[in-house]
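Every letter in the sequence shown is one number past the one before it in UniProt numbering, and letter 70, counting from 1, is 70.
Note that beta-carbon positions come from the ideal geometry of N, C-alpha and C, so glycine has one too.
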Amino acid sequence: AGGRRGVPGRGSAVSCRPAGAPLAGELRCRCPRAVSEVISPRRLARVELVAEGPHCAVPEVIATTKQGQTICLKPSAPWVKLILTRILKRYPPGC
């Protein structure tokens, strides 16, 4: 029941996109591999949750650091689950 949720760092807007609605030309998974190592939330500027759909068979968690680096996070990692739970409590689904 999810789509793509972008959750920014402090002072930014929240963005949402319907599930299965990839950007134009984006018809494959964006994360060929994902990391499970813990990254301090203070280093993150944005976290996006992209639900599985016609573009990719698995959900993807894409983080952007404050330095602009994009990192794919393993959705099954306990610390990633914790961050996603906190984000969903703070920014409930439904734009």
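CA-to-CA, the gap between Pro75 and Arg90 works out to about 19 Å. Buried is the label assigned to Leu49, since at least 16 other Cβ atoms lie within 10 Å of its Cβ. The three-state secondary structure of Val50, taken from DSSP, is strand. Distance between Arg46 and Ala57, taken at the CA atoms: about 23 Å. Relative to the Cα of Glu37, the nearest Cα in the group Trp79, Ile87, Thr64, Thr85 belongs to Trp79. Taking C-beta atoms as the reference points, Leu27 and His55 count as a pair closer than 7 Å.
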